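The block underneath contains the structure these notes are about, expressed in structure tokens.
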Amino acid sequence: MTDALSRLLETRDWLLADGATGTNLFNMGLSSGDAPELWNVTEQDKIRRLYAGAVDAGSDLFLTNSFGGNASRLKLHDAQDRVFELNKAAAELGRDVADKANRPVIVAGSVGPTGDIMAPMGELTHEIAVEMFHEQAEGLKAGGADVLWVETISAAEEFRAAAEAFAKAGMPWCGTMSFDTAGRTMMGLTSADMVKMVGKIDHAPLAFGANCGTGASDLMRTVLGFTAAGAETPIIAKGNAGIPKYQDGHIHYDGTPELMADYACLAREAGATIIGGCCGTMPEHLRAMREALETRPLGERPTLEQIVEKLGGFSSASDGTDGAGPERAARRGRRRG
Numbered sequence: 001m002t003d004a005l006s007r008l009l010e011t012r013d014w015l016l017a018d019g020a021t022g023t024n025l026f027n028m029g030l031s032s033g034d035a036p037e038l039w040n041v042t043e044q045d046k047i048r049r050l051y052a053g054a055v056d057a058g059s060d061l062f063l064t065n066s067f068g069g070n071a072s073r074l075k076l077h078d079a080q081d082r083v084f085e086l087n088k089a090a091a092e093l094g095r096d097v098a099d100k101a102n103r104p105v106i107v108a109g110s111v112g113p114t115g116d117i118m119a120p121m122g123e124l125t126h127e128i129a130v131e132m133f134h135e136q137a138e139g140l141k142a143g144g145a146d147v148l149w150v151e152t153i154s155a156a157e158e159f160r161a162a163a164e165a166f167a168k169a170g171m172p173w174c175g176t177m178s179f180d181t182a183g184r185t186m187m188g189l190t191s192a193d194m195v196k197m198v199g200k201i202d203h204a205p206l207a208f209g210a211n212c213g214t215g216a217s218d219l220m221r222t223v224l225g226f227t228a229a230g231a232e233t234p235i236i237a238k239g240n241a242g243i244p245k246y247q248d249g250h251i252h253y254d255g256t257p258e259l260m261a262d263y264a265c266l267a268r269e270a271g272a273t274i275i276g277g278c279c280g281t282m283p284e285h286l287r288a289m290r291e292a293l294e295t296r297p298l299g300e301r302p303t304l305e306q307i308v309e310k311l312g313g314f315s316s317a318s319d320g321t322d323g324a325g326p327e328r329a330a331r332r333g334r335r336r337g
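Using UniProt numbering, the letters of the sequence shown map in sequence onto residues 1 to 337.
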């Protein structure tokens, strides 16, 4: 193993990833509807501050500000011809921050979904998806990203297209999907389905898992699903900081640093190796997570009841792995902790 992330995984039992990108940038003045990726050129000091916030809080790995940096997403801002430039800038800023740290820090090139529906349900073909992901991957590679990181994916076809694109770029990668519909992705995949899919990919990811979704409890149940399905690849857990609530004109996540510290340790005990936060996760959450992971002893694999007790109830009664479809799970209603 020669890539930077694999070398770090060989020496550590767990790694702390970063937190939210969008939440932090909105706090820095990004307006709703604007493309964060443009800030890689116009507001570079703020992007450096975003990255440094995670590193200073203890993250071993952070994602670049390039989630929407593919041609389809950037076309909404008339910037589809700037894919390489904006992704290269995102990674270069990350490389600058990581190289100044006094310890190894991994720069992960964030790649989000295209925003289009894959054929045959939609018009996005496999070939076009691979082309878009490859273009983005080359920009991140040129900027110095250590690893590519596709996230918040809901369709197996799009996940496989990203894997093929990353192989063309000759880059190691990680991948996460978002399980937010009764324990399934929007396109119906369960945690067990993802384990099977990852096992069949030729250019296999270094790690895979779940991000975003509904809340930390639901994400924890998905992690348990990965391990129950016999996952052998390192698992990623990147859950939201609680549940979003609309307060004072903006979205606020109700997860406290204490809750996220509990979540981080539960994720480790459930089998996750790379642990971070997603929406709403700020540097203060990351600091609490790092301290907890460093100071609390490793416990037993948590039960669903223990997850509810620590993090709150699940958003659905089923995660789909018991044969209950989304419709049945929705009818059964919300489980309360």
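Just so it is clear, CB atoms sit at the ideal spot from N, CA and C, and this is done for glycine as well.
Note that the structure is a prediction, hence the values are computed from the model and not measured.
- Beta-carbon to beta-carbon, R184 and G271 are separated by about 20 Å, too far to satisfy the 8 Å threshold.
- Under DSSP, C212 forms a beta bridge with G239.
- The beta-carbon separation of E37 and L5, rounded to 23 Å, does not stay under the 8 Å limit for a contact.
- The beta carbons of I274 and M220 sit no closer together than 8 Å.
- For M177, the enclosing beta strand (DSSP E) has its first and last residue at W173 to M177.
- Within the DSSP secondary-structure output, Y253 pairs in a beta bridge with P244.
- Closest option to G312, judged by alpha-carbon separation, among P297, L8 and A216: A216.
- A straight-line Cα-Cα distance of about 10 Å links E135 and A129.
- Secondary structure in the segment 26–91: the alpha helix (DSSP H) runs of 4 residues or longer, each lying completely within the stretch, are 39–42, 44–57 and 71–74 in chain order.
- CA-to-CA, the gap between P172 and E258 works out to about 34 Å.
- Counting C-beta pairs closer than 8 Å gives fewer than three between the segment 286–293 and the segment 183–202, which falls short of the contact rule.
- Here C265 has A292 and R296 as same chain residues with Cβ atoms under 6 Å from its own Cβ, once five neighbours each way along the sequence are excluded.
- Per the coordinates, the alpha-carbon of N102 lies some 13 Å from the alpha-carbon of R95.
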